[in-house]
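This report refers to the structure that appears directly beneath it.
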Amino acid sequence: MLSYERELSGYDIRKWIHWSMRFFFGSPAYSQIYAELKKLEKLGLLSSRVEGKGARYRRLYKITDQGLDAVSRWAKEAPIELPTLKHPAILRVMLGHLSDPAALKKLLHEHVAQIDQLQREAAREAKWSGADPTWGYAKLALTWADRYYTSERELALNLIKDLDEAEATLPNTSKGGAIAWPDLSFWYEVERRAAAEDAAD
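Residues 6 to 206 in my numbering are what the sequence shown lists, from first letter to last.
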């Protein structure tokens, strides 16, 4: 956020993250933001000054030339790591044998409602990031976020449909019956079959 070369308080940074980065990179707590600001200032990547007095004072942070150079090199040269996907809704489906299709579908419909809200918020921020041409790259990222949540919604709805279609073949745990899990050796047998098929390709 400080790469926009404006003096910002920790509160300002948190607000900017809420408007933009939270849709694709998380939203840290104030405590995390202030801890990171202090660390970066010690490294000489930021400078700060106090504005105001008494209860109305605030500390403003600004990126230094060294900091701008470092973040510019990172943006241009650092390899892009694969995103780490941690999806609570899909984990619930994976552990569906501990639940049942009706409960899973209820959870997935709740997930769709949350995604709908995020998609609307991302679309709104994408729209208003067009208010100034210097925010062009932020607009591109937020437009991507709008499309991402639209796609996530479609995937969740398809999964609900898949649950409906597969319900007859899924393990029936609704009556507390034990599931006849395959022997552990079968897991490794399937792995060997998959490896053999990959080698044949």
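Even glycine gets a Cβ: it sits at the ideal position worked out from N, Cα and C.
- Under the three-state reduction of DSSP, K67 is assigned to strand.
- DSSP places S25 in the coil class of the three-state scheme, outside both helix and strand.
- Between W186 and D169, the alpha-carbon positions lie close to 22 Å from each other.
- The three-state reading of DSSP puts L51 in strand, counting E and B together.
- Here E10 is not bridged, per DSSP, to any residue.
- CA-CA distance, R198 to D188, rounds to 16 Å.
- E159 sits in a helix when the DSSP states are folded into three classes.
- By the neighbour-count criterion, in which 16 or more other beta carbons inside 10 Å mark a residue as buried, V55 falls on the exposed side.
- Assigned with DSSP and collapsed to three states, E86 falls in coil, not helix or strand.
- As the crow flies, the alpha-carbon of A118 is around 44 Å from that of Q71.
- Here the stretch 149-169 makes contact with the stretch 117-134; the two share three or more CB pairs at distances below 8 Å.
- For S14, the closest alpha carbon among the candidates S36, Y142, F29 is that of S36.
- E194 and Y154 have their C-alpha atoms spaced approximately 38 Å apart.
- The secondary-structure analysis by DSSP pairs E56 across a beta bridge with R63.
- Between A94 and H116, the CB-CB gap stays under 8 Å.
- For L112, the CB contacts under 7 Å within the same chain, skipping 5 residues up- and downstream, are A94, R97 in chain order.
- In this structure, the CA atom of H102 is about 13 Å from the CA atom of A171.
- Taken atom to atom, the span from the alpha-carbon of T89 to that of V76 is near 22 Å.
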